[in-house]
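Notes for the one structure printed next.
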Amino acid sequence: MGTPELISPRSPRVTAARRLARRAFRGKERRFIAEGPQAVREAIAHRTGGVPTLIELFATVEAAERHTEIVEAARAAGVRVHYADDRTVADISQTVTPQGLLGVCGFLDSPFEEILATRPQLIAVLANVRDPGNAGTVLRCADAAGADAVVLTDASVDLYNPKSVRASVGSLFHLPVAVGVPVERVVSGLQSAGVRILAADGAGDRDLDAELDTGSMGGPTAWVFGNEAWGLPEETRALADAVVRVPIHGRAESLNLATAAAVCLYASARAQRSPGGCRAVSPA
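Numbering (the working numbering), first residue to last: 1399 to 1682.
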């Protein structure tokens, strides 16, 4: 088999993909870039209205040979595959060390009302989270903990920022995510659906260990996580049913956002799966 023809760096397809590095173009086209084999694999498997979320695939010859199953799956799903040189792929991805596979994907966020209709049991809410890497990592933590959804408020970072997508390592395609929702609307909607709202804050008046000991965390729960630098504003904390801190048993000054989110989400996941919890499995 001969060397496949490479797409020109000046091709309109390359130009269009390159523009998706900018939020304005992502919003206008309702498309984003997913980079790397894991993200592309998940994008092929994910369906929106029965159609793969992946729209087209750019691959270096080397990456295509290394991940033949991904390229074949893309073609089988009707996705157009473009071979490109390393420089073109790097130009589109705008990373120092691109992984050789880039997928152009359609937006996949869900309306907040649709998430409410599913009666979620565990939700992560990102309020004023501005760092895209943190947002993607929290999404990944939520996925790992078995959360039912993630909500990014209107003051948070763009879900489709390339750094957010990379940091999610494919989890973006695994669970519903709502974006651009005012925090007041998120809280009121979830409370009306019977979900307890816990604000994670290092200055919280309740201790996570104590909450677990009292057995109060087994029901439907939404964790609200705030800005990396200044946490949650007082008006947001006031909306919550409780403000909870992760205890620091050692000498560390604090935990970063993603680590604190993982601790909180897994604490709820464990409580919900314990006897009497909302996810506990009744014996046969």
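Think of the CB as a built atom: it goes at the ideal place given N, C-alpha and C, for glycine as much as any other residue. It should be emphasised that the depicted structure is a prediction, and the values quoted were computed from it without experimental measurement.
Candidates the options, of which the one nearest residue i by Cα
i, options, result
"Pro1631", "Ala1525, Ala1461 and Asp1611", "Ala1525"
"Ala1656", "Ala1669, Val1642, Ser1666 and Gly1624", "Gly1624"
"Gly1602", "Thr1495, Ile1646 and Val1584", "Ile1646"
"Glu1433", "Val1584, Leu1500 and Ala1638", "Leu1500"
"Pro1435", "Ala1658, Ser1652 and Ala1471", "Ala1471"
"Ser1652", "Asp1552, Pro1407 and Asp1599", "Asp1599"
"Ala1457", "Gly1544, Glu1427, Gly1448 and Ala1488", "Ala1488"
"Phe1505", "Leu1418, Ala1659, Ile1405 and Ala1620", "Leu1418"
"His1480", "Gly1425, Gly1616 and Val1412", "Val1412"
"Arg1445", "Arg1416, Phe1571 and Gly1592", "Phe1571"
"Ala1543", "Leu1557, Val1642, Ala1650 and Ala1660", "Ala1660"
"Ala1547", "Asp1529, Asn1559, Leu1588 and Asp1483", "Leu1588"
"Val1549", "Glu1427, Ser1566, Gly1568 and Val1577", "Val1577"
"Gly1534", "Gln1497, Val1575 and Arg1478", "Val1575"
"Ala1690", "Val1567, Cys1503, Leu1404 and Ser1508", "Missing from the structure shown is residue 1690; the chain here goes from 1399 to 1682 and no further."
"Val1622", "Gly1616, Ser1614, Asp1484 and Arg1643", "Arg1643"
"Leu1537", "Asp1552, Thr1516, Arg1564 and Leu1606", "Arg1564"
Exposure of residue i, with buried meaning 16 or more beta-carbon neighbours within 10 Å
i, result
"Ser1586", "exposed"
"Gln1519", "buried"
"Arg1635", "buried"
"Arg1666", "Position check: residue 1666 holds Ser in this sequence, whereas Arg was assumed. With 16 or more Cβ atoms within 10 Å of its Cβ, Ser1666 is classed as buried."
"Val1494", "exposed"
"Pro1530", "buried"
"Ala1545", "buried"
Length of the line joining the Cα atoms of residue i and residue j
i, j, result
"Val1679", "Arg1671", "7 Å"
"Trp1628", "Val1579", "20 Å"
"Val1469", "Asn1532", "30 Å"
"Leu1610", "Phe1423", "45 Å"
"Gln1492", "Val1459", "19 Å"
"Ser1554", "Thr1401", "44 Å"
"Ala1597", "Pro1407", "48 Å"
"Ala1397", "Arg1428", "Outside the displayed range of the chain (1399 to 1682) lies residue 1397, so it cannot be described from this structure."
"Val1409", "Ala1443", "Here residue 1409 turns out to be Ser, not Val, going by the sequence shown. Cα to Cα, the separation comes out at about 27 Å."
"Val1449", "Arg1594", "35 Å"
"Cys1662", "Glu1467", "37 Å"
"Ala1522", "Pro1560", "20 Å"
"Val1438", "Gly1568", "8 Å"
"Pro1618", "Glu1512", "17 Å"
"Lys1426", "Arg1604", "44 Å"
Residue range of the alpha helix (DSSP H) that includes residue i
i, result
"Thr1458", "Note, Thr1458: premise wrong, no alpha helix (DSSP H); not H, not E."
"Ile1490", "Asp1484 to Ser1491"
"Cys1662", "Leu1655 to Arg1671"
"Gly1531", "Pro1530 to Ala1542"
"Leu1606", "Leu1606 to Thr1612"
"Gly1578", "Gly1578 -> not in any alpha helix (DSSP H); beta strand (DSSP E) instead, spanning Val1575 to Val1579."
"Ala1650", "No alpha helix (DSSP H) contains Ala1650, which DSSP labels as neither H nor E."
Endpoints, beta strand (DSSP E) assigned at residue i
i, result
"Tyr1481", "Arg1478 to Tyr1481"
"Thr1551", "Ala1547 to Thr1551"
"Thr1619", "Thr1619 to Phe1623"
"Leu1524", "Leu1520 to Leu1524"
"Ile1431", "Arg1429 to Glu1433"
"Ala1627", "First-last for Ala1627: undefined, no H or E at that position."
"Leu1499", "Leu1499 to Gly1504"
Cross-strand partners of residue i (DSSP beta bridge)
i, result
"Pro1450", "Arg1445"
"Leu1596", "Trp1621 and Ala1640"
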